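>
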Amino acid sequence: MSKPVIVALDFADDFECINFLNQFPKDEKLFLKIGLEMFCQFGYPFVRSLRERGYNIFLDLKLHDIPNTVKRTCEMIAKWDVQMLTVHASGGSEMIAAAKAGLAGSATKLLAVTQLTSLGQNELANELQVPLASQDYVTHLSKLAFDNGADGVISSALEVPMIKAATSTDFLCVTPGIRPKSAQVGDQKRVATPAHARNLGSDAIVVGRPITQATNGYQAYININEEWNK
Ligand code: C5P
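When you line the sequence shown up against our numbering, it's residues 17 to 246, in that order.
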């Protein structure tokens with residue numbers, strides 16, 4: 017079975033977003049990531065309208081709160097029939113388990129964010145007072161997520177072998193920071209090509225600007241999908 021290319025919809029307006037989606041043939045079953053920015057602007061009706069168009073949805077809300085609040089929020093999201101939802105692994109074991117309990121009975125996969133890529137070793141040590149090397153912290157949080165019922169993590173493709181070795185080969189690794197050889201790296205730092213991500217064992221890649229900002233978004237998507245699934 018082919019693995020998904022998840023298109024990150026980081027648009028400032030919904031009209032622009034729908035125009036982008038209209039480039040694709042109607043039967044192209046896209047997998048779309050909706051992040052905090054678009055969700056805060058357009059809310060659940062936007063998610064529902066994309067589900068009604070037949071798209072799969074990765075709702076990247078990165079929840080992080082007390083277990084009871086996260087559980088009740090997940091109970092609500094469970095009714096939305098989205099395919100993936102994120103929480104922060106650093107919310108702790110109880111919070112991760114509460115999120116999973118809130119999603120019970122739905123098909124929504126729970127994914128945990130380990131260390132934000134915007135936080136380097138310096139911030140980890142000096143601001144968060146985490147005495148571990150970044151890789152060890154990612155492994156630790158991945159294990160915490162795995163042990164408490166998460167279905168997978170969001171990680172760099174380069175971290176996938178380490179995470180799978182520490183958890184299970186079935187533990188999903190969804191990886192942003194993907195750039196085909198020809199694309200601009202932009203603000204991403206630790207990038208991998210679609211082929212490299214596949215070889216490292218990623219289960220799904222998240223790609224934004226190389227598709228959404230391309231002159232021909234559909235063609236860019238096809239090229240990336242071919243490289244990823246070949
Ligand atoms: O445009 P680009 O391909 O860089 O977009 C990647 C998407 O994945 C963005 O929505 C970004 O916020 C998200 N993301 C990321 N790195 C992470 C987690 C999420 O780039 N570690």
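Ideal placement from N, C-alpha and C gives every residue a C-beta, glycine not left out.
Keep in mind that this is a model prediction, so the values were computed, not measured.
(1) With distance defined between alpha-carbon atoms, name the residue in Ile22, Phe62, Leu101 and Phe27 nearest to Ala123.
(2) Who pairs with Leu126 in a beta bridge, going by DSSP?
(3) Quick one: what does DSSP say Pro82 is sitting in, helix, strand or coil?
(4) Compute the minimum distance between the beta carbon of Ile170 and the heavy atoms of ligand 1, and state whether it is under 7 Å.
(5) Under 7 Å Cβ to Cβ from Ala199, same chain only, skipping five residues before and after it: list those, please.
(6) Return the chain-ordered ranges of every beta strand (DSSP E) run that is complete within the segment 160-219 and spans a minimum of 3 residues.
(7) Which residue's Cα is closest to the Cα of Gln57: Ala28, Ile194, Phe36 and Glu242?
(8) Short of 6 Å in beta carbon distance, which residues of its chain neighbour Val98, apart from the five on each side in sequence? Order them along the chain.
(9) Using 8 Å as the cut-off, can you tell me whether the segment 134-152 makes contact with the segment 110-121, which would need three or more C-beta pairs spanning the two stretches below that distance?
(10) Taking the alpha carbon of Asn164 as the point to measure from, which residue in Thr85, Leu144, Gly108 and Leu188 has its own alpha carbon closest?
(11) As a quick exercise: from Ala182, Ala213, Ala211 and Ser218, pick the residue whose alpha carbon is nearest that of Leu188.
(12) Starting from Ala24, follow the beta strand (DSSP E) in both directions and report where the run begins and ends.
(13) With DSSP as the reference, identify every bridge partner of Lys49, one or two as the case may be.
(14) Classify Thr209 as buried or exposed, calling it buried when 16 or more other Cβ atoms lie within 10 Å of its own Cβ.
(15) Thinking C-beta only, is Ala105 closer than 8 Å to Val129?
(16) Taking 7 Å as the cut-off, is the beta-carbon of Pro192 closer than that to any non-hydrogen atom of ligand 1?
(17) In the structure shown, what three-state DSSP assignment does Val223 receive?
(18) Excluding the five sequence neighbours on either side, which residues of its own chain have a C-beta within less than 6 Å of the C-beta of Gln39, listed in chain order?
(19) Put Trp244 into one of helix, strand or coil per three-state DSSP.
(20) To the nearest angstrom, how far is it from the Cα of Asp30 to the Cα of Phe36?
(21) Is the beta carbon of Asp219 within less than 7 Å of some heavy atom of ligand 1?
(22) Just how far apart, CA to CA, sit Leu48 and Ile221?
(23) For ligand 1, any of its heavy atoms closer than 7 Å to the Cβ of Pro210?
Inspection of the coordinates gives the following:
(1) Leu101
(2) Its beta-bridge partners are Leu101.
(3) With the sequence shown as reference, residue 82 is identified as Ile, and Pro is not the correct amino acid for it. Residue state, collapsed to three classes: coil.
(4) With a cut-off of 7 Å, the C-beta of Ile170 is classified as near ligand 1, since at least one heavy atom of the ligand falls inside that distance.
(5) Cβ within range, chain order: Pro226.
(6) 168-170 and 188-191
(7) The shortest CA-to-CA distance from Gln57 to any of Ala28, Ile194, Phe36 and Glu242 is the one to Ala28.
(8) Ile73, Leu75 and Thr124
(9) no
(10) Gly108
(11) Ser218
(12) Val21 to Ala24
(13) Ala24 and Phe74
(14) Taking all protein chains shown into account, Thr209 has 16 or more neighbouring C-beta atoms within 10 Å of its C-beta and is therefore buried.
(15) yes
(16) yes
(17) strand
(18) Gly233 and Tyr234
(19) helix
(20) If I take the Cα positions, the gap works out to 10 Å.
(21) The answer is no for Asp219.
(22) 11 Å
(23) No, the Cβ of Pro210 stays beyond 7 Å of every heavy atom of ligand 1.
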